[in-house]
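These notes concern the structure reproduced below.
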Amino acid sequence: MKIGILGATGAIGHHTANAVLEHGHELLVIHRASSNLESIKDLSFTSRIFSSRIGDLNDRASLVQAFTGLDAIINCAAYYPTKPRSLQAEVKTAVSQMENFYQACSQTDIQKIIYLGAAIALPKHPQNLPATEELEYVRTPQNKNPYLQVKWEMDRLAKQKAKNGLPVVIGIPSMCFGEFDYAPSTGRLIVEIANGTIPGYIRGDRNVIYTGDAGKGLILACEAGKPGERYLFTGTNISMDELVKLIAKIAGVSPPKIAIPLPIAKTISKFQETKYQLFGGKLPKISSSAIAVMASGQFLDGSKAQKELGFQSKVDLNEAITRAINWFRIRKYIN
0 MKIGILGATG AIGHHTANAV LEHGHELLVI HRASSNLESI KDLSFTSRIF
50 SSRIGDLNDR ASLVQAFTGL DAIINCAAYY PTKPRSLQAE VKTAVSQMEN
100 FYQACSQTDI QKIIYLGAAI ALPKHPQNLP ATEELEYVRT PQNKNPYLQV
150 KWEMDRLAKQ KAKNGLPVVI GIPSMCFGEF DYAPSTGRLI VEIANGTIPG
200 YIRGDRNVIY TGDAGKGLIL ACEAGKPGER YLFTGTNISM DELVKLIAKI
250 AGVSPPKIAI PLPIAKTISK FQETKYQLFG GKLPKISSSA IAVMASGQFL
300 DGSKAQKELG FQSKVDLNEA ITRAINWFRI RKYIN
């Protein structure tokens with residue numbers, strides 16, 4: 000297949016691009032005109048090289064042009080809040096970009112569409128068991144956190160498009176640790192623990208996977224996933240208490256000692272975000288998005304992807320953290 004990837008300069012997108020090449024497919028990287036492609040120059044590490052085209056989720060015409068001739072598209076660039084803005088503005092941006100994306104797919108006759116979803120779109124399991132793909136909110140989530148609302152809305156839209164006939168598959172990796180996290184995104188937890196700059200953490204349950212395994216899961220979803228279905232790609236279920244201690248141990252530093260109660264974390268975040276909106280300056284140290292991710296975490300059950308797609312996570316948690324730390328150290332993210 001000729002497969003396009005949006006978001007290949009991000010960590011999950013980069014590993015997914017590697018997986019596309021490893022599986023013998025033709026890779027097309029779709030990127031904004033402003034993207035720095037230096038971060039993906041290693042993708043020609045095999046005899047198979049990649050090509051690229053410009054496409055922007057805010058510009059439907061550019062997407063139509065970029066998608067022409069593709070068999071499949073993997074969207075690893077779905078919107079998420081990065082700066083404090085109103086809930087309405089965040090949701091409007093997310094929906095607008097995804098409508099552009101799906102309409103471009105429809106106009107170019109894409110045969111398989113992979114939307115990179117988020118586990119936060121799943122409600123907590125009513126029996127406190129590991130969450131599965133079948134869990135659904137019966138109505139709009141009451142939690143008005145912008146990150147949660149954006150991810151829920153995009154999940155809802157993906158399922159709606161599939162019902163309307165688009166071949167949309169939802170791939171949901173759990174919390175990812177690994178290389179190529181230039182932002183950093185979830186790797187920020189590792190960087191701040193290793194540097195001793197983390198103010199504290201919020202207790203909860205997580206599932207963590209090596210980013211490379213997540214990328215392999217997404218290409219399996221592209222090859223064999225059923226339209227309209229979600230697939231969870233999971234690694235290790237672990238509490239945040241255990242996770243921060245493990246990261247600190249592997250990094251050779253003392254673990255953070257403060258577990259911040261959720262109400263206090265929300266108060267600090269609200270103050271910092273209001274200050275940013277009024278006066279600008281540095282982004283909040285404790286963002287509402289980070290709080291949403293940590294507070295909404297739960298253990299996950301990835302047996303569906305194992306049974307239906309043959310997915311198996313190969314890299315254990317210790318090795319995933321070690322690889323991430325080594326990558327961050329080489330690039331001076333860690334002191």
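Here numbering that gives the first Met the number 0 is used: the first residue of the sequence shown is 0, the next is one more, and so on.
Ideal Cβ positions, reconstructed from N, Cα and C, are used throughout, including at glycine.
Would you identify the three-state DSSP class for residue i, choosing helix, strand or coil?
i: residue 172; result: strand
i: residue 133; result: coil
i: residue 8; result: coil
i: residue 209; result: strand
i: residue 155; result: helix
i: residue 44; result: Low confidence applies here, because residue 44 scores a pLDDT of 46, under 50, leaving its location unreliable; read the following figure in that light. If DSSP states are grouped into helix, strand and coil, residue 44 belongs with coil.
i: residue 101; result: helix
i: residue 278; result: helix
i: residue 38; result: helix
i: residue 14; result: helix
i: residue 217; result: helix
i: residue 121; result: coil
i: residue 147; result: helix
i: residue 343; result: The chain is shown only over 0 to 334; residue 343 falls outside these bounds and no answer can be derived.
i: residue 87; result: helix
i: residue 287; result: helix
i: residue 178; result: coil
i: residue 76; result: coil
i: residue 184; result: coil
Could you tell me how far apart the beta carbons of residue i and residue j are, in whole angstroms, since I believe they sit closer than 8 Å?
i: residue 258; j: residue 209; result: No, residue 258 and residue 209 are not in contact; Cβ-Cβ is about 26 Å, not under 8 Å.
i: residue 226; j: residue 167; result: 6 Å
i: residue 146; j: residue 288; result: 4 Å
i: residue 165; j: residue 223; result: Not really, about 18 Å apart at Cβ, beyond 8 Å.
i: residue 71; j: residue 175; result: No, residue 71 and residue 175 are not in contact; Cβ-Cβ is about 21 Å, not under 8 Å.
i: residue 179; j: residue 22; result: 18 Å between Cβ atoms; not a contact.
i: residue 336; j: residue 285; result: In the structure as shown, the chain starts at 0 and stops at 334, and residue 336 therefore has no counterpart that could be examined.
i: residue 319; j: residue 186; result: Not quite, the Cβ-Cβ distance comes to about 10 Å (not below 8 Å), so this is no contact.
Pull up the DSSP beta-bridge partners for residue i, would you.
i: residue 71; result: 2 and 111
i: residue 200; result: 258
i: residue 25; result: 1
i: residue 236; result: 206
i: residue 55; result: 58
i: residue 229; result: 169
i: residue 30; result: 53
i: residue 299; result: 130
Here's the rule: buried if 16 or more other CB atoms are within 10 angstroms of the residue's CB, otherwise exposed. What is residue i?
i: residue 242; result: buried
i: residue 297; result: buried
i: residue 101; result: buried
i: residue 191; result: buried
i: residue 85; result: exposed
i: residue 345; result: Residue 345 lies beyond the residue range present for the chain, which begins at 0 and ends at 334; the question has no answer from this structure.
i: residue 44; result: A caution first: residue 44 carries a pLDDT of 46, below 50, which makes its placement in the model too unreliable to give a value.
i: residue 215; result: buried
i: residue 150; result: buried
i: residue 229; result: buried
i: residue 152; result: buried
i: residue 80; result: buried
i: residue 271; result: buried
i: residue 235; result: buried
i: residue 126; result: exposed
i: residue 280; result: exposed
i: residue 266; result: exposed
i: residue 212; result: buried
i: residue 132; result: buried
i: residue 263; result: exposed
i: residue 69; result: buried
Nearest to residue i by CA position, among the options, is which residue?
i: residue 31; options: 19, 52 and 37; result: 52
i: residue 117; options: 155, 64 and 127; result: 155
i: residue 26; options: 4, 14, 301 and 279; result: 4
i: residue 283; options: 295, 269 and 294; result: 269
i: residue 316; options: 205, 1, 187 and 78; result: 205
i: residue 34; options: 41, 55, 240 and 42; result: 55
i: residue 75; options: 92, 59 and 16; result: 16
i: residue 87; options: 67, 143 and 9; result: 143
i: residue 256; options: 244, 249, 266 and 263; result: 244
i: residue 277; options: 36, 82 and 98; result: 82
i: residue 115; options: 37, 6, 323 and 63; result: 6
i: residue 8; options: 1, 29, 18 and 130; result: 29
i: residue 240; options: 248, 234 and 233; result: 248
i: residue 37; options: 130, 320, 24 and 181; result: 181
i: residue 311; options: 329, 252, 325 and 219; result: 219
i: residue 252; options: 195, 120 and 89; result: 195
i: residue 98; options: 59, 331 and 303; result: 59
i: residue 169; options: 217, 236 and 19; result: 217
i: residue 138; options: 57, 286, 103 and 120; result: 120
i: residue 20; options: 10, 39, 197 and 49; result: 49
i: residue 78; options: 68, 67, 69 and 94; result: 94
Taking 7 Å as the line, does the beta carbon of residue i fall inside it for any heavy atom of the ligand MN?
i: residue 145; result: This structure simply doesn't include the ligand MN, nor any ligand for that matter.
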